[in-house]
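These protein sequence lines map, in sequence, to chains A and B. Numbers given in the working numbering equal positions in the first sequence, counted from 1, plus 559. Numbers given in the working numbering equal positions in the second sequence, counted from 1, plus 49. In what follows, a single structure is set out as structure tokens and then discussed.
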Amino acid sequence: MDEATCIEIRDLTMMYGKRVIMRDLSFDVRRGEIFVVMGGSGSGKSTLLKHLIGLKRPAEGTILFEGEDFGAADDEARRGILRRIGVTYQNGALWSGLTLAENVALPLEEFTTLGAEAVAEVVSLKLALVGLRGFEPLYPAEISGGMRKRASLARAIALDPEVLFFDEPSSGLDPITASRLDDLILRIRGSFGTTIVVVSHDLASISKIADRALFLDIEQKTMTALGSPADLRTNPPSEEVHRFLTRSSGDRDTPASEHPPARTYPT
Amino acid sequence: MGAPSGDARAAEADDAATPVQVDLRQEDDALIASLAGVWNLENPTPSFDGLVESWPSRPTVEAIAFDTAELGTWDSSLLVFLLRSRDFCDAHGLDFRSETLPENIGSLLELTGAVPERDLERPESETSFLARLGARGQTSFEGFLASIAFTGEVAESVFRLLRGRIRMRWRDFWVVVQSNGAGALPIVTLISFLVGLIIAFLGAVVLRRLGAGYYVSYLVGYGMLREMAALMTGIIMAGRTGAAFAAELGSMKITEELDALRTLGVSPIDHLVLPRVLGIFLMMPLLTIYSVFVGILGGLIVSVALLDLSATQFIGGLLTPLTLSDGVLGVFKGTVFGLIIGISGCMRGMQTGSDAGAVGRAATSAVVTGITSIVVATAVIDWLAALLEV
């Protein structure tokens, strides 16, 4: 495994039951880069993320985290890997019965031997980093969607992870809030040197933060492009990638009469 | 995290043994803190306040600066230390020279101060017993008013239905009827049979001593018909159906389905509550009648087995003293309980909060409200029956 490689994916096939979602995925995530997984709705981006964070096991292929096979790891090794990653979910996934402080404190209490006072200090620091200083006593239901995402990020960075995963960080956010979250992602990478993997279909966000991007093609059920967003836009390897990056449906000029007929379903 | 370069990671194992070190020296009016070693959350960090306060020429210090030439890998523990030192500087009017820190660390410190701290301390809860009692009483009273208002809305909806001004979702209605009719028979059968059995056992022990074993059938019939059939069926259905109504409507509220109906101009009461309340309202009397027969069957089996009564004697002893009003009273109670279960279940569902635990709380609350109301209603109806000599 290359020294600069943080996560190595080889010949990964993802399935739900007997249905193949994506096949033959092979790529590396380099240490310290912001790597974006992009693709249309239903292309399997979030499923790929679930594989990368160990929530789903590969049907075929391997995922190596710092050279360690995540899928084949025993419980102790998995715990060791999980200690080194942080995840923010699409809707925050904050525990509703806990305050923001308790949400951020939980990973610290679970994985470290810090005392209550030290935990409280780290919690305050993490909440301050995401702009939620003083929000410690509030419950997730008492804050807005954007704040929930930031609180989720504070929880994800509680243990100073080496790799941070984001599932659709800008979904449901207004452009300004989404842009601020992108700035935060860049700042965290810049200061901590964290490797960041983002699943997204937000073009503005992809252009702003991605060092490299992977495109999952829903029709071909595999990856069809890997490179920097600028390169992919200049030299798109396929028509689908071109359409995705230029937000074009490809048939805007098609007269209505030439559109395919509406589907009919048996009653 | 916080490794300055890829190479540093390789050296991390060697560095791990290097303890955190903070050395102070003074240059003019500035106190320079030299930060060295590996800063890790698990490693103990020194107290900044203690270090500075113990510095011999502390009164001449006007600024705090940092020297990070010997700094190894670091994580949040360093940031916590620096935040503490910044707070110390703020509190003592010292100049905190963040520009002496590496850019990536300075940038994070700047981020922590980018948004001013909000004062969101929760108000202290009222500790006086009387105040808490009053607040609880007020909440209960408001809950009672809300239940009256909700019942009124359901009644209005029924009138709208009778006048043909709304179209009910009959498919939902039949689902409720099926679920609370045939679907509820196994559990109602089991519980009613056992209740009949228990009453007969009790009767057998007590009445046989008085030489009145023959009256066991009267006790079982009277008890099941007037009280136990309706009460036990009500309690079963409050736990089974009331909770289900609350959970269904609560989930719909959380997923904004109720708001979607309102914005279409459709009343959730007409569309969702009415079919459920009418369904359980119609099925409860039928279940009560069924429960009476099953309970009497349980009593018959005990009487024949323990008291040497024949089935004919049991039925004779049952039919002679019982009146139609006993049966009507039991069925009336069942009908009232049906209304209580439907309304309390739907009301708690509609009052569900917005967090993940809210649906569970709504279901629990529906069961508690349903059973409590059923017991209170039983007492009120029995008192009225005694007054009217029914």
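Every residue gets a Cβ at the ideal spot worked out from N, C-alpha and C, and that includes glycine.
Endpoints, beta strand (DSSP E) assigned at residue i
i, result
"Gln400(B)", "No beta strand (DSSP E) holds Gln400(B); DSSP gives it neither H nor E."
"Ala784(A)", "Thr781 to Gly786"
"Ala354(B)", "Premise fails: Ala354(B) lies in the alpha helix (DSSP H), Leu323 to Leu355, not in any beta strand (DSSP E)."
"Ile755(A)", "Thr754 to Val758"
"Phe363(B)", "Element bounds for Phe363(B): not the beta strand (DSSP E) but the alpha helix (DSSP H), Ala360 to Leu368."
"Arg771(A)", "Arg771 to Asp776"
"Phe694(A)", "Careful: Phe694(A) lies outside any beta strand (DSSP E) and carries neither H nor E."
"Leu723(A)", "Val722 to Asp726"
Neighbour flag for residue i against chain B, beta carbons, 8 Å
i, result
"Leu712(A)", "no"
"Gly656(A)", "yes"
"Arg811(A)", "Residue placement at Arg811(A) cannot be trusted, given a pLDDT of 42 that sits under 50; what the coordinates show is reported in the next sentence. Chain B contact via Cβ: absent."
"Ala700(A)", "yes"
"Arg771(A)", "no"
"Glu680(A)", "yes"
Enclosing alpha helix (DSSP H) for residue i [first to last residue]
i, result
"Ile612(A)", "Segment: none, Ile612(A) is in no alpha helix (DSSP H) and carries neither H nor E."
"Asp741(A)", "Pro734 to Phe751"
"Met573(A)", "Per DSSP, Met573(A) belongs to no alpha helix (DSSP H); it is in the beta strand (DSSP E), Thr564 to Tyr575."
"Val408(B)", "Ala407 to Leu436"
"Leu667(A)", "Leu659 to Phe670"
"Val681(A)", "Ala675 to Leu688"
"Val800(A)", "Glu798 to Leu804"
"Asp308(B)", "Glu306 to Thr312"
"Ala296(B)", "Ala292 to Ile303"
"Thr372(B)", "First-last for Thr372(B): undefined, no H or E at that position."
"Ser711(A)", "Gly704 to Ala715"
"Leu653(A)", "Per DSSP, Leu653(A) belongs to no alpha helix (DSSP H) and is neither H nor E."
Residues that residue i contacts on chain A, provided the C-beta gap is smaller than 8 Å
i, result
"Thr161(B)", "Leu684, Ala687, Leu688 and Arg692"
"Val129(B)", "Ala677, Glu680, Val681 and Leu684"
Chain B residues whose Cβ lies nearer than 9 Å to that of residue i
i, result
"Ser730(A)", "Per Cβ cutoff of 9 Å: no residues; Ser730(A) is ~17 Å from chain B at best."
"Leu761(A)", "Note on residue identity: the sequence assigns Asp, not Leu, to residue 761(A). Result: empty, since nearest Cβ-Cβ is about 22 Å, beyond 9 Å."
Interface residues of chain A facing residue i [CB-CB closer than 7 Å]
i, result
"Asn153(B)", "Gly749 and Ser750"
Nonlocal neighbours in the same chain, by C-beta distance under 8 Å from residue i, ignoring five residues either side
i, result
"Glu119(B)", "Gln70, Ser83, Leu84, Ala85 and Gly86"
"Ala59(B)", "Model confidence at Ala59(B) stands at a pLDDT of 41, short of 50, so the residue's coordinates are unreliable; what they give is reported in the following sentence. Taken in chain order, the list of residues that qualify is empty."
Partner residues on chain B for residue i, Cβ-Cβ distance less than 7 Å
i, result
"Arg642(A)", "Within chain B, no residue comes near Arg642(A); the closest Cβ sits about 11 Å away, beyond 7 Å."
"Thr671(A)", "Leu90 and Glu91"
"Arg638(A)", "Neighbours of Arg638(A) on chain B: none; closest Cβ ~16 Å, over 7 Å."
"Arg746(A)", "Ser156 and Leu160"
Closer than 7 Å: residue i CB and nearest the ligand ADP heavy atom
i, result
"Gly99(B)", "The ligand ADP is not among the ligands present in this structure, which contains no ligands whatsoever."
Residue i at chain A interface by Cβ criterion, 8 Å
i, result
"Ile100(B)", "With the sequence shown as reference, residue 100(B) is identified as Leu, and Ile is not the correct amino acid for it. By this cut-off, Leu100(B) is not an interface position."
"Asp404(B)", "yes"
"Val322(B)", "no"
"Val164(B)", "yes"
"Glu61(B)", "Since pLDDT at Glu61(B) reaches only 49, below the 50 mark, its modelled position is unreliable, and no value is offered."
Contact set between residue i and chain A, taken where Cβ atoms lie within less than 9 Å
i, result
"Gly121(B)", "Per Cβ cutoff of 9 Å: no residues; Gly121(B) is ~14 Å from chain A at best."
"Leu132(B)", "Glu680, Ser683, Leu684 and Ala687"
"Ser96(B)", "Here the premise fails: no neighbours, minimum Cβ distance about 11 Å."
Contacts around residue i, its chain only, beta-carbon distance under 6 Å, and the 5 residues preceding and following it disregarded
i, result
"Asp770(A)", "Glu592 and Ile593"
"Ser189(B)", "none"
"Thr753(A)", "Leu723 and Ile747"
Neighbourhood of residue i by C-beta distance below 7 Å, restricted to the same chain and skipping five residues each side
i, result
"Leu320(B)", "The identity of residue 320(B) in the sequence shown is His, whereas the question assumes Leu. Excluding sequence neighbours, His320(B) sits near Arg218 and Leu310."
"Gly366(B)", "Tyr263, Tyr264, Ser266 and Tyr267"
"Leu210(B)", "Met217 and Leu323"
"Gly270(B)", "Ile345, Leu367 and Leu371"
"Lys827(A)", "Residue 827(A) lies beyond the stretch modelled for chain A, which goes from 560 to 826, so this question has no answer here."
"Met785(A)", "Before going further, note that residue 785(A) is Leu rather than Met in the sequence given. These residues qualify, in order along the chain: Phe586, Arg771 and Leu773."
"Ala360(B)", "Leu349 and Val353"
Discussion item. Report the start-end ranges of each beta strand (DSSP E) in the segment 75-160 of chain B that is 3 residues or longer and not cut off at the edges.
Written reply: 79-85 and 112-116
Worksheet item: Fully enclosed by the segment 192-266 of chain B, which alpha helix (DSSP H) runs are 4 residues long or longer?
Response: 219-229 and 234-258
Worksheet item: Enumerated in chain order, which unbroken segments of the beta strand (DSSP E) with a length of 3 residues or greater are wholly contained in the segment 584-648 of chain A?
Response: 593-598, 619-624 and 644-647
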